[in-house]
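Undergrad:
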Amino acid sequence: FVADMSHELRTPLTAITAVAEVLEDEADTLDPMIAPAVHLVVSETRRLNDLVENLMEVTRFDAGTARLVLDDVDVADQVTACIDARAWLDAVHLD
Numbered sequence: 038f039v040a041d042m043s044h045e046l047r048t049p050l051t052a053i054t055a056v057a058e059v060l061e062d063e064a065d066t067l068d069p070m071i072a073p074a075v076h077l078v079v080s081e082t083r084r085l086n087d088l089v090e091n092l093m094e095v096t097r098f099d100a101g102t103a104r105l106v107l108d109d110v111d112v113a114d115q116v117t118a119c120i121d122a123r124a125w126l127d128a129v130h131l132d
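Position one of the sequence shown corresponds to residue 38 (our numbering), numbered consecutively onward.
(1) Determine, using beta carbons only, whether Glu45 and Val79 come nearer to each other than 8 Å.
(2) Rounded to whole angstroms, how far is the Cβ of Ala55 from the Cβ of Glu81, which I believe are closer than 8 Å?
(3) Nearest-angstrom Cα distance between Arg104 and Leu92?
(4) Hey, could you find the ends of the alpha helix (DSSP H) Ile53 is sitting in?
(5) State the start and end residues of the unbroken alpha helix (DSSP H) segment that holds Leu107.
(6) Alpha carbon to alpha carbon, how far is Ala118 from Val110?
(7) Assuming the contact rule is C-beta atoms closer than 8 Å, His76 and Glu61 should be a hit. Round their C-beta distance to whole Å, please.
Dropping the structure here:
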């Protein structure tokens, strides 16, 4: 089920990613209020792509074809990225 769902998500997500990246290339020419939205869409689309890849990896773990490799993660960077995205949506400013 997870593998099928991941595959079904990939197709529309690929199209969204392509359009978002084209918009990002033109962000400097867009209205100053629109450009941050474009950057947000691009970053969130990349995050969705990562989630789909993670789902695919879960299916590989379930099938026994992948092994777990642990990495260090900077939690502060991850939290800051989440807050930055949320702050833009709520017009909150971070110092």
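Each residue gets a CB set at the ideal place from its N, CA and C atoms; glycine is no exception. Given the structure is predicted, the values throughout are model-derived calculations rather than measurements.
TA: With the given structure in hand:
(1) Along the sequence shown, one-based indexing puts residue 45 at 8. Along the sequence shown, one-based indexing puts residue 79 at 42. Not in contact: Glu45 and Val79 (Cβ atoms no closer than 8 Å).
(2) The residue given as residue 55 occupies position 18 in the sequence shown. The residue given as residue 81 occupies position 44 in the sequence shown. Wrong, their Cβ atoms sit about 15 Å apart, outside the cutoff.
(3) Here the question's residue 104 lines up with position 67 in the sequence shown. Here the question's residue 92 lines up with position 55 in the sequence shown. Approximately 14 Å, taken between the alpha carbons.
(4) What you label residue 53 is simply residue 16 of the sequence shown in a count that begins at 1. Unbroken alpha helix (DSSP H) run through Ile53: Val39 to Asp62.
(5) Position 70 of the sequence shown holds residue 107. Taken as a continuous stretch (DSSP letters only), Leu107 belongs to no alpha helix (DSSP H), as it is neither H nor E.
(6) Taking the first residue of the sequence shown as position 1, residue 118 is located at position 81. Taking the first residue of the sequence shown as position 1, residue 110 is located at position 73. When rounded, the distance between both Cα atoms is 13 Å.
(7) Counting from 1 along the sequence shown, the entry for residue 76 is found at position 39. Counting from 1 along the sequence shown, the entry for residue 61 is found at position 24. About 7 Å separates the two Cβ atoms, so the contact holds.
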